[in-house]
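**Q**
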């Protein structure tokens, strides 16, 4: 835990580096932070922050830049930030001006978000959330060859052949399917993977087959996201190197963005922040990703996000992503004839 003085100094380093994109000197910290201390004390605190992993100093005489840990500490202090009331009013007004069509809303969302954060904004089309198990049937074909029949909510049927270690009768398969139906009916793939349940080897094979089929169905349902603001991101100093430009262009060309911004957990209306090495995808571990889900749980859910260098305007990004996810949730609820989420006019 940082002392209040160290926290003030760290916040000064982060804010100045986000704004200026150059290492922050001790004299700049002293001028900015408003503490009644001398330069030597600043330097001692900076050394301590470096030792504890909050900042980096590529050259000790050149100043400090935030490390991922420093950005994380800074972001945790911004959890309750909100857009100014005038900005909220303007965004609502913009949405009222466009046609009441999903694609119009999505295009406007990424345009507003990218302009506000000066980085690339991404939004996915709302779609049905992860498929849920309706019924499991196991059919004996011959000896140890078994057909797994999975019926999902909405009457979608998936099938897969699996081999048991030993021959198994149809009555035995019926017992297994009854046990798995009792355990997994109504659950999503994620919930099945998380459920603590004692399974014998044959039941484990069936469970793995169910998870594989459901994962394939979930991935098939995903669509390429809408995005805007690539030009803002490429204007950042971090992208003056051709390698960084090539990296982000490959992400777009290989159509990986929708998987990268999809949160792994069930519906969560809060904003999630992944900084640098916290990202699950190796391709974006030099970037920060700020995402939030929107829509109607269990019916139509999409994701809104911002991707950019770790030197991101986190305060603007957090407040904008949070508010736009609220706006889109309200619009989707109205489109589906559902009770709207809490409005914040």
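Residue numbers (my numbering): 407 to 751. Don't be surprised by glycine CBs; every beta carbon is placed ideally from N, CA and C. Being a predicted model, the structure only gives us computed values, none of them experimental.
#1: Across the stretch 444-460 and the stretch 488-502, are there enough close Cβ pairs to call them in contact, namely three or more that are closer than 8 Å?
#2: Buried or exposed: where does residue 409 fall if 16 or more other Cβ atoms within 10 Å of its Cβ makes it buried?
#3: What's the gap between the Cα of residue 465 and the Cα of residue 622?
#4: Out of 546, 702, 513 and 551, point me to the one whose CA is closest to residue 745's CA.
#5: Consult DSSP for residue 685 and reduce its assignment to one of helix, strand or coil.
#6: May I have a chain-ordered list of the alpha helix (DSSP H) segments no shorter than 4 residues that lie completely inside the stretch 412-447?
#7: Could you name the residues of the same chain whose beta carbon sits closer than 6 Å to that of residue 751, not counting the 5 residues immediately before and after it, in chain order?
#8: Is it buried or exposed for residue 632, if we count other Cβ within 10 angstroms and need 16 for buried?
#9: Report yes or no: do three or more beta-carbon pairs, one from the stretch 674-691 and one from the stretch 718-731, lie closer than 8 Å?
#10: Are the stretch 699-715 and the stretch 522-531 touching by the rule of at least three beta carbon pairs closer than 8 Å?
#11: Do residue 594 and residue 537 have their C-beta atoms within less than 8 Å of each other?
#12: Suppose contacts are defined by Cβ-Cβ distances below 8 Å. Is residue 436 in contact with residue 480 by that definition?
#13: For residue 353, which residues does DSSP report across the bridge?
#14: Could you give the residue range of the alpha helix (DSSP H) that holds residue 639?
#15: Taking the alpha carbon of residue 486 as the point to measure from, which residue in 728, 706 and 636 has its own alpha carbon closest?
#16: Grouping DSSP H, G and I as helix and E and B as strand, with all else coil, what is residue 513?
#17: Can you tell me where the alpha helix (DSSP H) holding residue 736 begins and where it ends?
#18: Who are the Cβ neighbours of residue 541 in its own chain at under 6 Å, not counting the five residues just before and after it?
#19: Among 533, 419 and 596, whose alpha-carbon lies nearest the alpha-carbon of residue 439?
#20: For a test of the three-state rule: what should DSSP assign to residue 751, helix, strand or coil?
#21: So residue 528 and residue 708 are in contact, right, with Cβ under 8 Å, and what is the actual spacing, rounded?
#22: Quick one: Cα of residue 738 to Cα of residue 706, how far?
#23: Name the residue from 424, 428, 473 and 412 whose alpha carbon lies nearest to the alpha carbon of residue 683.
#24: Going straight from the alpha carbon of residue 503 to that of residue 686, what length do you get?
#25: Within the stretch 471-534, note down every full alpha helix (DSSP H) run reaching 4 residues or more, in order along the chain.
#26: Suppose you measure from the CA of residue 576 to the CA of residue 612; what does that come to, to the nearest Å?
#27: Quick one: using the 10 Å Cβ neighbour count with 16 as the cut-off for buried, is residue 429 buried or exposed?
#28: Along the chain, where does the alpha helix (DSSP H) that runs through residue 580 open and close?
#29: Starting from residue 598, trace the alpha helix (DSSP H) in both directions and tell me its first and last residue.
#30: Can you tell me whether residue 639 is buried or exposed? The criterion is at least 16 other CB atoms within 10 Å of its CB, across all chains shown.
#31: Pull up the distance between the alpha-carbon of residue 735 and that of residue 603, whole angstroms please.
#32: Mapping DSSP to helix, strand and coil, what is residue 550?
#33: Label residue 516 either buried or exposed according to how many other C-beta atoms from any shown protein chain fall within 10 Å of its C-beta, with 16 as the threshold for buried.
**A** By the coordinates alone:
#1: no
#2: exposed
#3: 49 Å
#4: 702
#5: coil
#6: 432-439
#7: Reliability of the predicted coordinates at residue 751 is poor, the pLDDT of 48 falling under 50, and the value obtained from them is presented with this limitation in mind. Once the five neighbours on either side are set aside, residue 751 has no close Cβ partner at all.
#8: buried
#9: yes
#10: yes
#11: yes
#12: no
#13: The question about residue 353 has no answer, for the chain in this structure spans 407 to 751.
#14: 636-640
#15: 728
#16: helix
#17: 720-741
#18: 557
#19: 419
#20: Because the pLDDT of residue 751 is 48, which lies under 50, any placement of that residue in the model is unreliable, and the number read from its coordinates should be weighed accordingly. The answer is coil: DSSP assigns residue 751 none of H, G, I, E or B.
#21: Wrong, their Cβ atoms sit about 10 Å apart, outside the cutoff.
#22: 8 Å
#23: 473
#24: 38 Å
#25: 474-482, 491-503 and 508-523
#26: 15 Å
#27: buried
#28: 576-590
#29: 595-600
#30: buried
#31: 35 Å
#32: coil
#33: buried
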